[in-house]
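Participant:
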Amino acid sequence: MTGVQTCALPIFCVWLLFRSAHGQKLASVAAPYIPGMKLRDQYLAAQFTGLLSTLIGNGLTVIRALPLARETLPSQRWKSELGDVETRIREGGRLSYALEATSIFPRTASRLIEVGERTGKLGQTCGHASTIMGDAAA
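Under my numbering, the letters of the sequence shown match residues 157 to 294, in that order.
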């Protein structure tokens, strides 16, 4: 084996692992300990809340906006967690509580969304959460 093949093989194996369902669960548990994952999660939270803000601000309900916002994200881990959030909301839960129950969503953003739910300005507070998370990720 050449040096390139020796380096590429472990990287490929790790990539395959994280593409599987078991790998996704492992990534959720290991994310706080993987360098850069917290920063990536903040960036994805900014992207998600920004799009959610736009969709809700243009009249969509949370139930209709969630799947649209979820499908724009590149992370399978995030899509899976947000699928669980959507299920909790369809069962009558609040968006802020459902997001806080995930392992991916920053607590600051879920608290801002809770304020938006209570004040009736969810679209605006999602926009503020997006700005804060985006600044933190920059």
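All C-beta atoms, glycine included, are put in the ideal place defined by N, C-alpha and C.
Report all residues from its chain with a CB closer than 6 Å to the CB of E130; omit the five preceding and five following residues, and keep chain order.
Facilitator: Outside the displayed range of the chain (157 to 294) lies residue 130, so it cannot be described from this structure.
Participant: Which word fits R220, buried or exposed, when buried means at least 16 other C-beta atoms lie within 10 angstroms of its C-beta?
Facilitator: As a first step, residue 220 is located in the sequence shown; it is residue number 64 there, counting from the start. It is exposed - the Cβ of R220 has fewer than 16 other Cβ atoms within 10 Å.
Participant: Would you decide whether G215 is buried or exposed? Buried here means 16 or more other CB atoms lie within 10 Å of its CB.
Facilitator: Position 59 of the sequence shown, counted from the first residue, corresponds to residue 215. By the 10 Å Cβ count, G215 comes out exposed.
Participant: For I260, count neighbouring Cβ atoms within 10 angstroms of its own Cβ and tell me buried if that reaches 16, exposed if not.
Facilitator: For the purposes of this step, residue 260 is taken as residue 104 along the sequence shown, with counting starting at 1. Its Cβ being crowded by 16 or more others within 10 Å, I260 is buried.
Participant: Using CA atoms only, rank isn't needed, just tell me which of L211, R233, L195 and R196 is closest to T281.
Facilitator: As a first step, residue 281 must be located in the sequence shown, where it is residue number 125. Closest option to T281, Cα to Cα, is L211.
Participant: Could you check the C-alpha separation between A225 and L200 for me, to the nearest Å?
Facilitator: Within the sequence shown, numbered from 1, the residue matching residue 225 stands at position 69. Within the sequence shown, numbered from 1, the residue matching residue 200 stands at position 44. Cα-Cα distance, rounded: 11 Å.
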